[in-house]
Amino acid sequence: MAKIKLAKSKVDKLVEICKSFDNEGSELINVLHKAQQTFGYLPAEVQEIIARELNVSVAHVYGVVTFYSFFSMVPKGEFPISICMGTACYVRGGEKVLEEFKRQLNVPVGETTDDGKFSISCLRCVGACGLAPVVTVGERVYGRVSVGDVADIIKEYQQ
Numbered sequence: 066m067a068k069i070k071l072a073k074s075k076v077d078k079l080v081e082i083c084k085s086f087d088n089e090g091s092e093l094i095n096v097l098h099k100a101q102q103t104f105g106y107l108p109a110e111v112q113e114i115i116a117r118e119l120n121v122s123v124a125h126v127y128g129v130v131t132f133y134s135f136f137s138m139v140p141k142g143e144f145p146i147s148i149c150m151g152t153a154c155y156v157r158g159g160e161k162v163l164e165e166f167k168r169q170l171n172v173p174v175g176e177t178t179d180d181g182k183f184s185i186s187c188l189r190c191v192g193a194c195g196l197a198p199v200v201t202v203g204e205r206v207y208g209r210v211s212v213g214d215v216a217d218i219i220k221e222y223q224q
């Protein structure tokens, strides 16, 4: 993967974020959350700066980023779509809903559409099992989603 060049203003902002948590290694998760809010994702270059500022290894930062599904090392779309694959959602058709999103957006799980508008991911449980299958678009939760609902959900965000 090609290295990205971070603008000095972004590097300065990242250093500021680390300082706001007293450059404490124990604050790594909080720093990563703020960094992802700022950059939209956590590329290797961002992880390296965080490691340096918090005086922890890059391997440790990478381990945390890859362990928690909330963190992403690739840019997400403007409207990130997550389909729950927890037991209740899976049993009630979550996999078919996922396949329909992939088909209509022509993008695999973990990737972003060419226009940068949508990205697709799976998650294990939203905690709304009574509404299964569940789809989230950003912070918005859709319950009892069927294959027939997919086009309407996408259309809401294309305008």
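Add 65 to a position in the sequence shown, counting from 1, and you land on the number used in our numbering. Even glycine gets a Cβ: it sits at the ideal position worked out from N, Cα and C. Note that the coordinates shown come from a computational prediction; the quantities given were computed from them, not determined experimentally.
Just confirm the distance between the C-beta atoms of residue i and residue j, as a whole number of angstroms; I'd bet it's less than 8 Å.
| i | j | result |
| --- | --- | --- |
| Asp172 | Val200 | Per the sequence shown, residue 172 should be read as Val rather than Asp. Wrong, their Cβ atoms sit about 15 Å apart, outside the cutoff. |
| Ser147 | Cys187 | 7 Å |
Taking residue i as part of the alpha helix (DSSP H), name the residues at either end of that continuous run.
| i | result |
| --- | --- |
| Phe132 | Val123 to Phe132 |
Expressed to the nearest angstrom, what Euclidean distance is found between the alpha-carbon atoms of residue i and residue j?
| i | j | result |
| --- | --- | --- |
| Glu89 | Gly105 | 22 Å |
| Arg157 | Ser211 | 9 Å |
| Leu196 | Ile69 | 41 Å |
| Ser85 | Ala216 | 43 Å |
| Arg209 | Lys78 | 41 Å |
| Val96 | Ile82 | 6 Å |
| Cys194 | Gly159 | 11 Å |
| Gly192 | Phe132 | 20 Å |
Would you kindly check if the distance between the Cβ of residue j and the Cβ of residue i is under 9 Å?
| i | j | result |
| --- | --- | --- |
| Cys154 | Pro108 | no |
| Pro145 | Val206 | no |
| Val129 | Leu93 | yes |
Enumerate in chain order the residues of its own chain whose CB-to-CB distance from residue i is below 8 Å, with the five nearest sequence positions on each side excluded.
| i | result |
| --- | --- |
| Cys80 | One detail in the question is off: residue 80 reads as Val in this sequence, not Cys. Within the same chain, Val80 has close Cβ partners Ile114 and Glu118. |
| Thr177 | Val139, Pro140, Lys141, Gly142, Phe183 and Ser184 |
| Ala111 | Looking at the sequence shown, residue 111 is not Ala but Val. Excluding positions up to five away in sequence, the list reads Leu71, Leu79, Ala100 and Phe104. |
| Asn120 | Asn88 and Gly90 |
Quick check: is any heavy atom of the ligand ZN less than 8 Å from the C-beta of residue i?
| i | result |
| --- | --- |
| Met138 | Among the components modelled here there is no ligand, and therefore nothing to report on the ligand ZN. |
Below 6 Å CB to CB, which residues in the same chain sit around residue i once its five sequence neighbours on both sides are set aside?
| i | result |
| --- | --- |
| Cys190 | Gly151 |
| Tyr222 | Phe144 |
Residue range of the beta strand (DSSP E) that residue i falls in?
| i | result |
| --- | --- |
| Ile69 | Note, Ile69: premise wrong, no beta strand (DSSP E); not H, not E. |
| Tyr222 | Per DSSP, Tyr222 belongs to no beta strand (DSSP E); it is in the alpha helix (DSSP H), Val215 to Gln223. |
Who are the Cβ neighbours of residue i in its own chain at under 7 Å, not counting the five residues just before and after it?
| i | result |
| --- | --- |
| Tyr127 | Gln112 |
| Glu165 | Val212 and Val215 |
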